[in-house]
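Undergrad:
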Amino acid sequence: MKWEIVIGLETHAQLSTASKMFSGASTVFGAAPNTQASGVDIALPGVLPVANRGAVERAIRFGLAVGGEKVINRRSVFARKNYFYPDLPKGYQISQYELPIVKGGEIRILTKSGEKAIRLTRAHLEEDAGKSLHEAFRDSSGIDLNRAGVPLLEIVSEPDMRSAEEAVAYARVLHALVRWIDICDGNMQEGSFRCDANVSVRRPGAPLGTRAEIKNLNSFRFLEHAIEFEAKRQIEILDDGGKIVQETRLYDPDRDETRGMRTKEEAHDYRYFPDPDLLPLEVSEKWIHEIKAKLPELPEAKRKRYGTDFKISPTVAIQLTASRDKAEFFERSARAADIIMFPAAPQDIAFTIVGELAGLLNEAGLEFSESPITSEQLAKLRRRVLDGSISSKSAKEVLAEMWVGKGDPDSIISAKGLKQISDRGEIEKIVDQVLAANAKQVEDYRAGKEKAFNSLVGQVMKATQGKANPAQVNEILKQRLAG
Amino acid sequence: MLNASLNELSAALAQKKISSAELTKLFLDRTARLNAALNAFITVETGKSLAQAHAADERIAKGDAKPLTGIPVAHKDIFVAKGWRTTCGSKMLSNFVSPYDAHVVERFNAAGAVILGKTNMDEFAMGSSSETSFYGPVKNPWNQERVPGGSSGGSTAAVAARMAPAATGTDTGGSIRQPASLSGVSGLKPTYGLVSRYGMIAFASSLDQGGPIAKSAEDLALLLNVMAGFDARDSTSVERAAEDYRRELDRPLAGLRVAVPREHFGGGLAADVGKAIEAALAQLEKLGAKRVSISLPNSGLSVPAYYVIAPAEASSNLSRFDGVRYGHRAKEYRDLADMYFRTRAEGFGAEVRRRILIGTYVLSHGYYDAYYLKAQKIRRLIADDFVAAFKQCDVIVGPTAPTVAFEIGAKAADPVQMYLNDIYTIPANLAGLPAMSIPCGFGKDDLPVGLHIVGNYFSEARMLNLAHQYQKATDWHQREPGGIQR
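Chains E and A are the protein sequences, given in the same order. Using this note's numbering, you'd call the opening residue of the first sequence number 1 and step up by one each time. Using this note's numbering, you'd call the opening residue of the second sequence number 484 and step up by one each time.
1) Could you check where the beta strand (DSSP E) with A/His960 kicks off and where it finishes?
2) Name the DSSP beta bridge partners of A/Met683, please?
3) How many angstroms separate the CA atom of A/Ala841 from the CA atom of A/Val709?
4) Quick one: is E/Leu366 buried, meaning 16 or more other Cβ sit within 10 Å of its Cβ, or exposed?
5) Could you check whether the Cβ of A/Ser799 sits closer than 7 Å to any Cβ belonging to chain E?
6) How about E/Gly91: is its C-beta nearer than 7 Å to some C-beta of chain A?
7) Nearest-angstrom Cα distance between E/Asp348 and E/Phe329?
8) Mind listing which residues of the region 42-58 of chain E have their C-beta closer than 8 Å to chain A's C-betas, in chain order?
9) To the nearest whole angstrom, what separates the beta carbons of A/Leu934 and A/Ile760, a pair I think is in contact under 8 Å?
10) Between the region 139-153 of chain E and chain A, which residues of the former have CB atoms less than 8 Å from a CB of the latter, in chain order?
11) Kindly list the residues whose CB is nearer than 6 Å to the CB of A/Lys927, restricted to its own chain and excluding five residues on each side of it in sequence; keep chain order.
12) Using CA coordinates, which residue listed in E/Phe62, E/Ala226, E/Glu158 is at the minimum distance from E/Asp254?
13) I want to see whether chain A comes within less than 7 Å of E/Glu265, judged by CB atoms only; does it?
14) Measure how close the beta-carbons of E/His268 and E/Tyr97 come, nearest whole angstrom, since I'm counting them as under 8 Å.
15) Residues of chain E with CB under 7 Å from A/Met683, in chain order?
16) From what residue to what residue does the alpha helix (DSSP H) around E/Ser392 run?
17) In terms of residues, what are the limits of the beta strand (DSSP E) holding A/Met693?
18) Quick one: using the 10 Å Cβ neighbour count with 16 as the cut-off for buried, is E/Gln189 buried or exposed?
19) Starting from A/Asn518, trace the alpha helix (DSSP H) in both directions and tell me its first and last residue.
20) So what does E/Ile214 bridge to, in DSSP terms?
21) Beta carbon of A/Asn522, beta carbon of A/Gly636: below 7 Å?
22) Looking at the structure shown, is E/Gly91 part of a helix, part of a strand, or coil, going by DSSP?
23) Can you tell me which residues form a DSSP beta bridge with A/Lys773?
24) Going by C-alpha distance, which of E/Ala123, E/Asp144, E/His124, E/Asp139 is nearest E/Leu133?
25) Touching or not, the region 696-707 of chain A and the region 663-678 of chain A, by the rule of three or more beta carbon pairs under 8 Å?
26) May I ask you to report which of helix, strand or coil DSSP gives A/Ser493?
27) Please confirm whether A/Tyr816 has its beta-carbon closer than 7 Å to some beta-carbon of chain E.
28) If you count every other CB in all the chains shown that lies within 10 Å of the CB of A/Ala765, and 16 or more means buried, which is it?
29) Measure the Cβ-Cβ separation of E/Pro346 and E/Thr321 and say whether it is below 7 Å.
30) Closer than 8 Å between beta carbons: that is the criterion. Which residues of the region 198-211 of chain E meet it against chain A?
31) Mind listing, in chain order, the continuous beta strand (DSSP E) runs of no fewer than 3 residues lying wholly within the region 42-94 of chain E?
32) Report the three-state DSSP secondary structure of E/Asp347 (helix, strand or coil).
33) For E/Ser23, report the span of its alpha helix (DSSP H) as first-last.
34) Closer than 6 Å by C-beta to A/Ala788: which residues in its own chain qualify, once you throw out the five before and the five after it? Chain order, please.
35) For A/Leu511 and E/Val102, what's the separation of their Cα atoms in angstroms?
36) Between E/Asn82 and chain A, is any beta-carbon pair separated by less than 7 Å?
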């Protein structure tokens, strides 16, 4: 019998506030150690936390995006998670435990096997810990508290994923979403978006198996590989009649494997209790409505709309909605297109955006908002292809010119003489001239030599310096030769 | 000058009868003479105090004086003050010099008051006798073999011995009122949230409240005017309009409903204390107050509930004292865990360690519901008792402590006996209500007895009114300890 892999993800998204969760210190990444740690962050005697309104607002934005008003807890409670570690200055982390700010919601993913909803258990606000630095010191460790107190939203999914592919699809949609609603910069190298994967295997229909938690996966590739390795490891153990131990594991990208972390002698008892320094977090209906009103159209809604309005396929729609920038670029281009004359224009534009343009931007490390080619210019270029003014091949050449800043596609087309001859009468005249001058090929063709046709096409193209519309040339030649 | 009220001192300064520097020096000299015997101060910095006094004198000369400008005030060593060593009575912070001011200290500094020094206290405010201080026990100025009460015993002893005209204290379960009672001075714990806790080293955050200690209710009102007020840095600080706590001082007491809880005259109350309280009640009736009887049925549960909640919060609040960033660190250790163990075992005294252990236990997995959650429910019941009671009365009065000051060492070995000293004061902390203690006579061995006054939320002005009217009719608050060299 086959094994089923069961995956749940816990994702830490760093909220994009200027100051920390409970102090006024800056959150900017990369400053010299301990230059962004206030008295609150280093836990001086007597200091007190004050919750960051911007962080709460971002958490509400997330809740609205994944489940609407009903998943926002009007009253949530900050709790202390107590444990000792040098990078945890207070000896406790302020988090939310029994009453998180977001309860429920879902993320919809698309994989080879179709669309699927991944349920969210909860999302709660908490503060990050500092960083222990072991390398640069001899016989001691350094502590950098710049990161201590940075606001995080921990997003916990239900164990609804059944493959590494689904887990990656979920993580990607979530990653796109937090950037979309502007609550997290999504920078995975800097740790702004990182996943812990809970992986277990079971026989289909059986209760959940014992899980291993793989910590701090900060790239989609690592996430995929770690899950694949871990599932394989667990299946091998079970196939051999062994048992899975519940544990925390780390993924080592260099060796592409997961390893158990040194097991602590005793289990942690975090002694959670409501933080008496912070009042319960009450959010008003008015505030929720204000936040909702400012929320941009969500990727999910956009994808649906692209399907109905523009007949864009779900696969392309997902790519177009990878970021707000990209979707907005597409929408501006589609608006600039003449969809009465050319109903397929939006699809054509979409292909160019997710294909050639995305490739160029990616290579240059640019966002869609930084594209040297404007959406209006792109729409115009594709229109010239659709109306037969230029060939698809010439379009590539024009795009390359536009990329280097040569501007308007029409001026590039005329400057480079790329305009096709699509005037039927003119092409007919040239075809007639070519036929008259190539009696032998005409004879050969009529005798059944197909190759002769290509030669005649070549002659017409040569006579027009390659500018004749090839489709029209073909059609007219066939018509004349048949007559 | 040593016996003068704050108003009198303020007038003397304004009329240039004395300068702030002279006044400050007067109290510093007295402190220098008496502190060896009483141990009321942990830190005195003559240079710093006099510098502030000179600045105050300039301010007075410029006509920019406020009511407290130039008046020296002693701060309990739980309030951090920039540039001052702030120990919280512990070895753990014996080397800690604060880089910032507590909100309360900021307020006094802005008012032009002079920091006279940092007063001794039970370690991390955990105690009812000021014996648990790493810096040695505080002696009661009325009898140096007795405790002054605690944990703000350094502040109450300093005011009682006229080493300071006024002082600050904090009250988590009675730590302003019980020592005020045992030391024969006046002390007020405001409504929870009225005085910012920013810079006040946390013991039990949901109970801690700073307040003033002085010789009279009138002085307390003046001090509270400076201390109270919203502070955005404390999320539990209450945002409400500033008020003048002196405004009702002169109101007659006629018609004031004064309630005595039946439960307050139970078995634990010493006869001498009971007698003084009865006499005080009679005096209040003479002043026109109407005596009513009420019941606080759940008040008996307050001590056990308190000794779950306060240690639970303390166990977490004191986790930051780990030897990593500041404060004491063990000299030798094998590894990180050993560094924590040794640092905290060396840095904390026995009572603090006991409460951390209790707090850790009651929050542990499997015990949380039975202890912490249940204690929170009891806390709610106790608060509800008061809500019901205040429908029938304006203030609740009774004894502050069950006995007069006890002998140093008498209860040190029996924590439960020590904890029971706060039986009358703890309910107000659990409910977040304002409460105060004023001298109301003397009991056994000529030791002072305190009258406990509990008011409804934010009724400080009315409570001070009652206390002031009582003090106008009596002179208990003006008595000073004999046997102290002048």
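Every residue gets a Cβ at the ideal spot worked out from N, C-alpha and C, and that includes glycine. Note that the structure is predicted; figures quoted are calculated from it, not measured.
TA: So, to answer that:
1) Here the question's residue 960 of chain A lines up with position 477 in the second sequence. Boundaries for A/His960: no beta strand (DSSP E) harbours it, and the DSSP string shows neither H nor E there.
2) Counting from one through the second sequence, the residue named residue 683 of chain A turns up at place 200. Looking at the DSSP output, A/Met683 sits in a beta bridge with A/Phe562.
3) Along the second sequence, read from residue 1 onward, the residue named residue 841 of chain A stands at position 358. Along the second sequence, read from residue 1 onward, the residue named residue 709 of chain A stands at position 226. The sequence shown places Ile at residue 841 of chain A, rather than the Ala named in the question. In this structure, the CA atom of A/Ile841 is about 36 Å from the CA atom of A/Val709.
4) Numbered from 1 along the first sequence, position 366 holds the residue referred to as residue 366 of chain E. Classification of E/Leu366: exposed, given that the 10 Å Cβ count is below 16.
5) For the purposes of this step, residue 799 of chain A is identified with residue 316 of the second sequence, where counting begins at 1. A Cβ of chain E is located within less than 7 Å of the beta carbon of A/Ser799.
6) The residue you call residue 91 of chain E lines up with position 91 of the first sequence. Output row for E/Gly91: interface = yes.
7) The residue labelled residue 348 of chain E in the question sits at position 348 within the first sequence. The residue labelled residue 329 of chain E in the question sits at position 329 within the first sequence. Taken atom to atom, the span from the alpha-carbon of E/Asp348 to that of E/Phe329 is near 14 Å.
8) Answer set for the region 42-58 of chain E: Ile42, Ala43, Leu44, Pro45, Gly46, Val47, Leu48, Pro49, Val50, Ala51.
9) What you label residue 934 of chain A is simply residue 451 of the second sequence in a count that begins at 1. What you label residue 760 of chain A is simply residue 277 of the second sequence in a count that begins at 1. Between A/Ile760 and A/Leu934 the Cβ distance is about 6 Å, and since that is below 8 Å, they are a contact.
10) If the cut-off is 8 Å between Cβ atoms, the region 139-153 of chain E has Ile143 near chain A.
11) As a first step, residue 927 of chain A must be located in the second sequence, where it is residue number 444. If the five residues before and after A/Lys927 are omitted, its C-beta is found closer than 6 Å to the C-beta atoms of Asp755, Val887, all from its own chain and listed in chain order.
12) By 1-based counting over the first sequence, the position of residue 254 of chain E is 254. Shortest Cα-Cα distance from E/Asp254 to any of E/Phe62, E/Ala226, E/Glu158 involves E/Ala226.
13) In the first sequence, counting from the first residue as 1, residue 265 of chain E sits at position 265. Confidence in E/Glu265 is poor, its pLDDT being 44 and thus under 50, which makes the residue's placement too unreliable to answer from.
14) Within the first sequence, the letter at position 268 stands for residue 268 of chain E. Within the first sequence, the letter at position 97 stands for residue 97 of chain E. No, E/His268 and E/Tyr97 are not in contact; Cβ-Cβ is about 14 Å, not under 8 Å.
15) For the purposes of this step, residue 683 of chain A is taken as the residue at position 200 of the second sequence. Residues of chain E whose Cβ lies closer than 7 Å to the Cβ of A/Met683 are, in chain order, Gly46.
16) Here the question's residue 392 of chain E lines up with position 392 in the first sequence. Run containing E/Ser392: 392-403, per the alpha helix (DSSP H) assignment.
17) Residue 693 of chain A sits at position 210 when you count from the first residue of the second sequence. Contrary to the premise, residue 693 of chain A reads as Gly rather than Met in this sequence. From DSSP, the beta strand (DSSP E) with A/Gly693 extends over 692-697.
18) On the first sequence, position 189 is the one that residue 189 of chain E refers to. Counting Cβ neighbours within 10 Å, E/Gln189 comes out exposed, since fewer than 16 surround it.
19) Indexing the second sequence from 1 puts residue 518 of chain A at position 35. Residues 503-521.
20) Within the first sequence, numbered from 1, the residue matching residue 214 of chain E stands at position 214. E/Ile214 is bridged to E/Ala197, E/Arg249.
21) Numbered from its first residue, the second sequence carries residue 522 of chain A at position 39. Numbered from its first residue, the second sequence carries residue 636 of chain A at position 153. At the C-beta level, A/Asn522 and A/Gly636 stay beyond 7 Å of one another.
22) What you label residue 91 of chain E is simply residue 91 of the first sequence in a count that begins at 1. In the three-state DSSP reduction, E/Gly91 falls in the coil class, being neither helix nor strand.
23) On the second sequence, position 290 is the one that residue 773 of chain A refers to. In the DSSP output, where bridge partners are listed per residue, A/Lys773 has A/Arg740.
24) Within the first sequence, numbered from 1, the residue matching residue 133 of chain E stands at position 133. Nearest option by C-alpha distance: E/Asp144.
25) Result yes; three or more Cβ-Cβ pairs closer than 8 Å.
26) For the purposes of this step, residue 493 of chain A is identified with residue 10 of the second sequence, where counting begins at 1. In this structure, DSSP gives A/Ser493 a helical state, which the three-state scheme calls helix.
27) Counting from 1 along the second sequence, the entry for residue 816 of chain A is found at position 333. No, A/Tyr816 does not count as interfacial toward chain E.
28) For this step, residue 765 of chain A is matched to residue 282 along the second sequence. The residue is exposed, with fewer than 16 neighbouring Cβ atoms inside 10 Å.
29) Mapped onto the first sequence, residue 346 of chain E falls at position 346. Mapped onto the first sequence, residue 321 of chain E falls at position 321. The answer is no: Cβ separation not under 7 Å.
30) Taking a C-beta cut-off of 8 Å against chain A, none of the residues of the region 198-211 of chain E qualify.
31) Listed in chain order, they are 78-82.
32) Position 347 of the first sequence, counting from 1, holds the residue named residue 347 of chain E. In the sequence under discussion, the amino acid at residue 347 of chain E is Gln, which differs from the Asp named in the question. Note: E/Gln347 maps to helix in three-state DSSP.
33) The residue given as residue 23 of chain E occupies position 23 in the first sequence. Taken as a continuous stretch (DSSP letters only), E/Ser23 belongs to no alpha helix (DSSP H), as it is neither H nor E.
34) What you label residue 788 of chain A is simply residue 305 of the second sequence in a count that begins at 1. Short of 6 Å from the beta carbon of A/Ala788, and not among the five residues preceding or following it, lie these beta carbons of its own chain, in chain order: Ala858, Ile861, Arg862.
35) Position 28 of the second sequence, counting from 1, holds the residue named residue 511 of chain A. Position 102 of the first sequence, counting from 1, holds the residue named residue 102 of chain E. Looking at the two C-alpha atoms, the distance is approximately 57 Å.
36) Position 82 of the first sequence, counted from the start, is the residue given in the question as residue 82 of chain E. For E/Asn82, the closest Cβ of chain A is nearer than 7 Å.
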